[in-house]
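Just so you know, we're using numbering that gives the first Met the number 0 here: the sequence shown kicks off at 0 and counts up by one.
Have a look at the structure below, then the notes.
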Amino acid sequence: MGANQRRPALAGQAVQLTGNQHLAQRLVELTMWTIIEQDKPQIELPVIDEALELESSARPTRPGRELSARRILGTTLSLLAALCLLLAIPVQLLLFRPQLLAAYPAFYDWLETTCIDRCPFQLPTRVDPETFEISGLDYREHPFLADTALLEFSFQNRDSYAQPMPDVVVRFSSMSGDLLVSDQLPASDYLDTDSEPAPLQPGEVASARIEFTEPGSNAVNYDIQFVKPASLPRAIQP
0 MGANQRRPAL AGQAVQLTGN QHLAQRLVEL TMWTIIEQDK PQIELPVIDE ALELESSARP
60 TRPGRELSAR RILGTTLSLL AALCLLLAIP VQLLLFRPQL LAAYPAFYDW LETTCIDRCP
120 FQLPTRVDPE TFEISGLDYR EHPFLADTAL LEFSFQNRDS YAQPMPDVVV RFSSMSGDLL
180 VSDQLPASDY LDTDSEPAPL QPGEVASARI EFTEPGSNAV NYDIQFVKPA SLPRAIQP
C-alpha cells in the first residue's frame, strides 16, 4: 500500500524533470540563435541623397566651366569682329567712293549738311532726270524758216532738291517704229539764255524751245526724254 502511494509522486517528479529538461533545451536553442544572430555581420545599406546627387550632377565641374567660358569668349570676339567689318564697309565707301553713298537721298542729305565741309572730297552732283515733268508740248512747222520744225514745251522739277538742267534727247521714228533721227541737246541749245543755266529749284518750271530741220514725211512719231547732262561726268542718279 505504501509502495503504491509513492509511484504517483515519482511519476510526477519524472514529468516535472522532463518539462524542466525541455525548457532548458529551449533556452539553450534560443541562446545559440542569439549568439548566431549577433555573430552575423550587419550590412549597412547606402543612404542616397537624391537632391545632393542631382545638384552635384547639374553643377559643371571646373574643366566644364572653363570650356564654357572659352566658348562664350570666342563667340563674343567673333561677333565683335563681324561688327567691326560691317562698320568698316561704309567707312571705306565714305573715304574712297563717296559717290556710291551719295546716290541714296538719305546719305546725300547727311553728307551735304554734315560732312561736306569736313571730308576731303567733292560731293558729286545729284541728278534724277525722271523727276522732270513735261507740260505744254507743242510741235509745229517753224513760222519763219523753211524746212524747219519748232518744238516747244515746259518742264518742272518735281524732286525735293535742286538739279542741274538736264540734256534733252529727241527721237523721230516711222510708222513701223524704225528710228529715223535722234539727237541729244544740252541746256544751252534749248534754253533762251547765253549764260550758264542755273540749277532748277524744286517745283520750278523752265521753258524749252528747239529748232531743227524737218525730219521728213516718214517721221510721224517723236519722243522726248530727259537724261543727265553730258557735261557732268560726275553726276549721279539716285
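We treat Cβ as the ideally placed atom computed from N, Cα and C, and that holds for glycine.
Predicted model, so just to flag it, every value in this text is computed and none were measured.
Rounded to whole angstroms, the gap between the alpha carbons of residue 88 and residue 82 is 10 Å.
Look at residue 207 here: in three-state DSSP terms it is strand. Following the DSSP letters along the chain, one finds residue 222 inside the beta strand (DSSP E) bounded by residues 220-226.
CA-CA distance, residue 186 to residue 75, rounds to 58 Å. One thing to note: residue 189 has its Cβ no nearer than 9 Å to the Cβ of residue 219.
Counting C-beta pairs closer than 8 Å gives three or more between the stretch 150-164 and the stretch 188-204, which meets the contact rule.
One thing to note: residue 126 has its Cβ no nearer than 9 Å to the Cβ of residue 201. In terms of Cα proximity to residue 152, the closest of 142, 133, 169 is 133. Fewer than three Cβ pairs drawn from the stretch 171-181 and the stretch 133-144 lie within less than 8 Å of each other, which leaves the two stretches out of contact. Within the same chain, and ignoring the five residues on either side of residue 230 in sequence, the residues whose Cβ sits closer than 7 Å to its Cβ are 185.
As a beta-bridge residue in DSSP terms, residue 183 pairs with 168.
Counting the other Cβ atoms within 10 Å of the Cβ of residue 156 gives 16 or more, which makes it buried.
Rounded to whole angstroms, the separation of the alpha carbons of residue 205 and residue 214 is 26 Å. Between the C-alpha atoms of residue 68 and residue 106 there is a straight-line separation of about 41 Å.
DSSP, read as helix, strand or coil, puts residue 139 in strand.
Straight-line measurement puts the Cα of residue 191 at about 17 Å from the Cα of residue 148.
Between residue 142 and residue 224, the C-beta gap is not smaller than 9 Å, which leaves the two residues out of contact. A distance below 8 Å between beta-carbons, with the five flanking residues on each side excluded, links residue 144 to the following residues of its chain, in chain order: 210. In the assembly as shown, residue 150 is a buried residue. Its beta-carbon has 16 or more other beta-carbons within 10 Å.
Around the beta carbon of residue 80, fewer than 16 other beta carbons sit within 10 angstroms, so the residue counts as exposed. Bridge pairing for residue 147: 212 [DSSP]. Note on geometry: alpha-carbon atoms of residue 112 and residue 159 lie some 15 Å from one another. For residue 221, the closest of 170, 183, 124 by C-alpha to C-alpha distance is 170.
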